[in-house]
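There are 2 protein chains.
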Amino acid sequence: MLTSVDTEVIRALADPLRVRIVELLAAETLCTTHLVEETGARQTNLSNHLRVLREAGVVETEPCGRFTYYKLRPAVLEALAGSFAELGAAARATVDADRKRAC
Amino acid sequence: MLTSVDTEVIRALADPLRVRIVELLAAETLCTTHLVEETGARQTNLSNHLRVLREAGVVETEPCGRFTYYKLRPAVLEALAGSFAELGAAARATVDADRKRAC
DNA sequence: GACTGATGTCAGCATGGGCTGATATTGTCA
DNA sequence: TGACAATATCAGCCCATGCTGACATCAGTC
């Protein structure tokens, strides 16, 4: 049985700015100020996107004085990669075997 | 350098019904009639979602008389899995090394 | 060629989600 | 405690997108 893909997480990643955030965080744990600098987006806007990522479980926060560090949760990305790898493998098997349902 | 994630493809997959379609197609190449039966969605609705998947390059069509078979393009899913695996690995390295930018 | 079934396209409506300015909250420092 | 910096939340606007009914198109059959 295929592990069903978590739509919540995919939707969180279905936005260019959020993907950009994730790519930045993959290289380095950053706080909101850095993300504002790096992306050029408004603080309010970023905060909204970060909340989406947070609620989807893609990132987690770590308060540090006045600052809030954002870091990725690798397991979520790895699980997603695994799901797509499964789907891809199943799809390849289906295509290779030309397995189709008769009309 | 990380291979940037294709937002177009992710957006195409950021819908429960489209994910359902992809999961069905991963197991078996189907035509529209089958997808209508399996999902319970209207034909028009399905046709719209299939177009999104088609334009994103996730599926391809194969006309067969009056019917149209839809099959997945495994390479797209595998590429996506690869991108997320890279991101996940980078994220894990960053988190493990506690690599963070000073404020 | 006429009919039927399969499929795609279009216009319209409703909802969701992104962006913004204003505001609230929280922590630091003097 | 008061001022300030960092961050989150809220309300409102606007655009993208999903769903639907109506219609168009195309292939197969009689």
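Chains A and B, in that order, are what the protein sequence lines are.
In this text, residue positions in the first sequence follow this note's numbering: the first is -5, and each later residue adds one.
In this text, residue positions in the second sequence follow this note's numbering: the first is -5, and each later residue adds one.
Even glycine gets a Cβ: it sits at the ideal position worked out from N, Cα and C.
For E31 of chain A, the uninterrupted alpha helix (DSSP H) run begins and ends at 26 to 33, by DSSP. The alpha-carbon of A96 of chain A is positioned some 51 Å away from that of Y64 of chain A.
Annotation for V53 of chain A: the continuous beta strand (DSSP E) segment containing it runs 53 to 58. Interface annotation for the region -4 to 14 of chain A against chain B: L(-4), S(-2), V(-1), T1, I4, R5, L7, A8, D9, P10, V13, criterion Cβ-Cβ distance under 8 Å. Under the 8 Å criterion on CB atoms, E72 of chain B is classed as interfacial with respect to chain A.
By the neighbour-count criterion, in which 16 or more other beta carbons inside 10 Å mark a residue as buried, T88 of chain A falls on the buried side.
Less than 8 Å divides the Cβ of I4 of chain B from the Cβ of I4 of chain A. Among the CB atoms of chain A, none fall inside 8 Å of the CB of V30 of chain B. A distance below 6 Å between beta-carbons, with the five flanking residues on each side excluded, links T23 of chain A to the following residues of its chain, in chain order: Y63, K65.
About 4 Å separates the CB atoms of A75 of chain A and F78 of chain B; that is less than 8 Å, so the two are in contact.
G82 of chain A is positioned such that its CB atom lies no closer than 8 Å to that of P57 of chain B. For T38 of chain B, the enclosing alpha helix (DSSP H) covers residues 37 to 49. Taking 3 residues as the shortest admissible run, the region 60 to 95 of chain A contains the following complete beta strand (DSSP E) segments, listed from N- to C-terminal end: 61 to 66.
Cβ-Cβ distances below 6 Å link D0 of chain A to nothing in the same chain once the five nearest sequence neighbours on each side are left out.
Of the candidates B:V70, B:S41, B:A85, B:E80, the residue whose Cα lies closest to the Cα of A50 of chain B is B:V70. Excluding sequence positions up to five before and after V30 of chain A, its CB lies within less than 8 Å of the CB of R36, Q37, L40, all in the same chain and listed in chain order. DSSP lists A:K94 as the bridge partner or partners of T23 of chain B.
Using beta-carbon distances, T23 of chain A counts as an interface residue toward chain B, with a partner under 8 Å.
A91 of chain A is classed as exposed because its beta carbon has fewer than 16 other beta carbons within 10 Å across all chains shown. Contact of P68 of chain A with chain B is assigned, a C-beta pair being separated by under 8 Å. Leaving aside the five residues that flank E2 of chain B on each side, the residues in its chain whose CB is nearer than 6 Å to its CB run, in chain order, A50.
Relative to V52 of chain A, the option among A:S(-2), A:R12, A:K94 whose CA is nearest is A:R12.
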